[in-house]
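Enquirer: All residue numbers for the sequence shown refer to UniProt numbering, where the first residue is 1 and numbers rise by one. For every residue, glycine included, the Cβ atom is placed at its ideal position computed from N, Cα and C. Small disclaimer: the values here were computed from a predicted structure and weren't measured.
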Amino acid sequence: MARGKKIKRLKIKKNGSIKIKLIAIPLILVLFAIMTIGIISSYFMRLSLLDEMKKKGLILSKEFINRAEDNSKALEIINKLIDDKILAAAKTVIRDQDQLSNTFLKKIADESGVQQINWFNSDGVIIYSNIDKNVGWTTPQGHSIYYFMSGTNNEFIDKIRKDSESGESYKYGYVKSADGSFVQIGILADEINKLTENFGNQKLVEAMASDDEIEYAVLMDNNLMAIAHSNTSEIGAVFSDEGSKSAAIDGIAYAHEVYYESKDTMVYNVIYPAVINEEHIGAVSIGYSMENIQNVISKNIQSIIISASITFILLGLVLFNTSNYAVKTINKLRDQMALLSSGNFSQNISQDLLSKNDEFGQISQAVNTMQNSIKSIIKTIRDQSNQLASSSKKLHLITQQSATAANEVAKTVEEIARGVSDQAKDTEQGFSSITELRNLIVENKAYIESLNNSTQKVNDLKNEGLEILKDLVQKTYINSRSSLEVQKVILNTNESVNEISSASEMIKSIAAQTNLLALNAAIEAARAGEAGKGFAVVSDEIRKLAEESNKFAEQINIVIKELTDQTSAAVKTMKELEKVVSSQSESVHMTNDKFIGIANALEEMKEIIQRVNDSSDKMANKQQTVIDIIHHLAAISEENAAGTEEVSASMEEQTASIEEINNSNSELAKIAEELNNQIGQFII
């Protein structure tokens, strides 16, 4: 009864411990691994997106500088053409000064496309003009005309300025005659200002900042002052941060995260040195919105959480089913071993355990073999013990009869001798059975040792499998990272193609404007007659160059379209490859988790095998106790034999011998009772 309570307490104490380990520990490790992967992937994704944003900002800055340089050159060409137009009109007037009159100047103004023609005498007074109200105007001292009039230059192109009379902005040019008089040609500067504004840095900055990803764009000079800003209210602001100094002064590109106070948001500021026409004029600063990066990281975390939840549930179900199977089997084996350890060999192992084709089935068969062998040995010992008890009773009866009947002494001695002989045989058989039991225990320990070795081999194979899986995980990670790098290169190529396409369109636009200017120049040259022939040839050449530029731009567009189609296909392929690599990585991680579950189950099996081994040691100790009892019985048999010899030799000592036999028989009865008690602990 006490043994049954002890087994029950053992079951209550250990129940569920293996199951918890098989389910909870792998799930906790998987959860930790997924959280770690999520944090690391988000960190590296953020770094990658910032690096991509930096590259994009540097490319956009270079494009801005190239466009600013092209616009600067275009403005120079336009101003040169306007200057040439002014000087051509002035020289026409100088050449035909003998026809000077207001009407003549009006005709020249209409033909040459200028708005003002004023003829000054050597004293700086307008004596002829295509605008009647200008006649009689005198040049004041300090005026730009006064400096030209009193200077030695024969030609002079003034900067755009407001007319002192009308208040309108004009670009003026002057050419002196031989007698000191001179002509003034004026062209309205509205179109010039409009072109200058369209080709100016402010327009470029505003166009660049029109992208939704860009919070602001700034062009600053070497003094760190904003000379163009997408937020016009901040033009003139002075920067003092390290990045602005690095790019605008030292000529070193810089990128960092900053807080943009005007929009109350964090931006990634990319600052690039501005070198236009080989002159370092300052730096271009582009502030990219961090919102897209945060959105991408949030989506990544959401996808990881969803994937982790699905994986967690599936793994939990798999581990639950696997652990249920293992725990149920182990519990059955544990209960069987508990019965054996308590001495109950009557209950056989269930057939469903013996029929299993895995390691549990092998363990069950080994335990079943051991149980049957021990049961057979115990049964034999019990039978011999019963025979010994019966002989002891007979011997006791004989000694009683010997005390009352002397004439039956010989018969009694004979019966004692026969009893002693039987006892010796029984003792010998008991010793043989105990020896057989010892051999079975040794054989059982050998089986357990072999099972330990097999378990160790499985453990070694498991470790090798884990190493192979670890290497496969690393290679899968490298493959995934390489695919991402290739995808980035393709995306960068696609963006570069778009930038080339934009540049091509700009070339076409400039070519069209150049062609238009050349056509205008040709018309003006035709109006100028013989004097404009040379200029007509130049304008024709310019027109041809513009047409060739337009053709080349068309060819570039064709190549760009082909390249765009190819890169788009490559991007689609890389995205499909990325999905395959991600699926492969997930399968590898699931396989790795399976191996870890197997390792934990093996450790539990090793503990159970050790318990079986301990039980075998206990049985070996019991075997030694039985051997000692048998040896004791043998000694008693020898004493009985000596007693019979004494009875045969001397009848005088019959009483003493019978008393000695009676004492020995009592001791033998005690030994038989003790042996029965020992065997009685086993239930077969």
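Report the option in N231, N222 and S233 whose CA atom is closest to the CA atom of S240.
Expert: In the sequence shown, the residue the question calls residue 240 occupies position 240. Measuring from the Cα of S240, the nearest candidate turns out to be N222.
Enquirer: Go ahead and pull the three-state DSSP assignment for I636.
Expert: Start at 1 with the first residue of the sequence shown, and residue 636 comes out as number 636. Helix.
Enquirer: So, is E215 buried or exposed, given that buried needs 16 or more other C-beta atoms within 10 angstroms?
Expert: As a working mapping, residue 215 is identified with position 215 in the sequence shown. By the 10 Å Cβ count, E215 comes out buried.
Enquirer: Helix, strand or coil for D221 per DSSP?
Expert: Here residue 221 refers to the residue found at position 221 when the sequence shown is read from its first residue. If DSSP states are grouped into helix, strand and coil, D221 belongs with the strands.
Enquirer: Going by DSSP, name the residue or residues bridged to residue 727.
Expert: Residue 727 lies beyond the range of the chain shown here (1 to 684); nothing can be said about it.
Enquirer: Roughly how many angstroms lie between the CA atoms of R95 and R67, to the nearest whole one?
Expert: For this step, residue 95 is matched to residue 95 along the sequence shown. For this step, residue 67 is matched to residue 67 along the sequence shown. Each residue's Cα considered, the two are about 41 Å apart.
Enquirer: Please confirm whether N130 and L105 have their CB atoms less than 8 Å apart.
Expert: Here the question's residue 130 lines up with position 130 in the sequence shown. Here the question's residue 105 lines up with position 105 in the sequence shown. For N130 and L105, yes; Cβs fall inside 8 Å.
Enquirer: Are Y272 and A283 closer than 8 Å when you measure CB to CB?
Expert: Here residue 272 refers to the residue found at position 272 when the sequence shown is read from its first residue. Here residue 283 refers to the residue found at position 283 when the sequence shown is read from its first residue. In this structure, A283 lies closer than 8 Å to Y272 by Cβ.
Enquirer: I think E213 touches L188, with their Cβ atoms under 8 Å apart; what is that distance to the nearest whole Å?
Expert: Your numbering for residue 213 matches position 213 in the sequence shown. Your numbering for residue 188 matches position 188 in the sequence shown. Their Cβ separation, rounded to whole angstroms, is 40 Å, which puts E213 and L188 out of contact at 8 Å.
Enquirer: Measure the C-alpha to C-alpha separation of N439 and K475 and round it to an integer number of angstroms.
Expert: Within the sequence shown, residue 439 is the residue found at index 439, counting from 1. Within the sequence shown, residue 475 is the residue found at index 475, counting from 1. Spanning the two alpha carbons is a distance of roughly 54 Å.
Enquirer: Does the Cβ of A446 have 16 or more other Cβ atoms within 10 Å, making it buried, or fewer, making it exposed?
Expert: One-based indexing of the sequence shown puts residue 446 at position 446. Its Cβ having fewer than 16 others within 10 Å, A446 is exposed.
Enquirer: Let's see if you can read the secondary structure: which residues bound the alpha helix (DSSP H) around G186?
Expert: Along the sequence shown, one-based indexing puts residue 186 at 186. Not the alpha helix (DSSP H): G186 falls in the beta strand (DSSP E), residues F182 to L188.
Enquirer: Going by beta carbon distance, what residues of the same chain come within less than 8 Å of E674, once the five residues before and after it are set aside?
Expert: Residue numbering aside, residue 674 sits at position 674 when the sequence shown is read from its first letter. Here the set comprises I629.
Enquirer: Just curious, the alpha helix (DSSP H) that G243 is in, first and last residue?
Expert: Numbered from 1 along the sequence shown, position 243 holds the residue referred to as residue 243. From DSSP, the alpha helix (DSSP H) with G243 extends over E242 to A248.
Enquirer: Between S233, A226, M149 and I145, which lies nearest to K159 when the distance is taken from Cα to Cα?
Expert: On the sequence shown, position 159 is the one that residue 159 refers to. Nearest option by C-alpha distance: I145.
Enquirer: Could you give the DSSP three-state label for A226: helix, strand or coil?
Expert: As a first step, residue 226 must be located in the sequence shown, where it is residue number 226. In this structure, A226 counts as strand in the three-state DSSP scheme.
Enquirer: DSSP three-state label for V275, please.
Expert: Indexing the sequence shown from 1 puts residue 275 at position 275. It is a strand residue.
Enquirer: Using 10 angstroms around the beta-carbon of N153, count the other beta-carbons present and answer buried if the total reaches 16, otherwise exposed.
Expert: Counting from one through the sequence shown, the residue named residue 153 turns up at place 153. N153 should be labelled exposed.
Enquirer: Evaluate the contact criterion for the region 37 to 57 versus the region 312 to 327: three or more CB pairs, one atom per stretch, below 8 Å.
Expert: Too few Cβ pairs lie closer than 8 Å, so no.
Enquirer: With 16 as the cutoff for other CB atoms within 10 Å, does V238 come out buried or exposed?
Expert: Sequence index remark: in the sequence shown, residue 238 carries index 238 (1-based). Its Cβ having fewer than 16 others within 10 Å, V238 is exposed.
Enquirer: Give the secondary structure of Q115 by DSSP, where H, G and I count as helix, E and B as strand, and everything else as coil.
Expert: To locate residue 115, count along the sequence shown from 1; it is residue 115. Residue state, collapsed to three classes: coil.
Enquirer: How many angstroms separate the CA atom of K8 from the CA atom of L484?
Expert: One-based indexing of the sequence shown puts residue 8 at position 8. One-based indexing of the sequence shown puts residue 484 at position 484. Annotation note: pLDDT 44 at K8 (below 50); position unreliable, coordinate value reported separately. Near 60 Å, if we compare the C-alpha coordinates of L484 and K8.
Enquirer: May I have the straight-line CA-CA distance separating E562 from I507, to the nearest angstrom?
Expert: Here residue 562 is taken as the residue at index 562 of the sequence shown, counted from 1. Here residue 507 is taken as the residue at index 507 of the sequence shown, counted from 1. Going by the C-alpha atoms only, they are around 19 Å apart.
Enquirer: Pick helix, strand or coil for I252, following the three-state DSSP scheme.
Expert: On the sequence shown, residue 252 is found 252 positions in, with the first residue counted as 1. In the structure shown, I252 sits in coil (DSSP, three-state: anything other than H, G, I, E or B).
Enquirer: Within 10 angstroms of its Cβ, does N357 collect 16 or more other Cβ (buried), or is it exposed?
Expert: On the sequence shown, position 357 is the one that residue 357 refers to. When all chains shown are included, N357 counts as exposed.
Enquirer: Under the DSSP definition of a beta bridge, which residues are partnered with F239?
Expert: Position 239 of the sequence shown, counting from 1, holds the residue named residue 239. According to DSSP, which records beta bridges pairwise, F239 is partnered with nothing at all.
Enquirer: Which residue from A274, I523 and F552 puts its Cα closest to that of D110?
Expert: Walking along the sequence shown from the start, residue 110 turns up at place 110. Of A274, I523 and F552, the residue nearest in Cα terms is I523.
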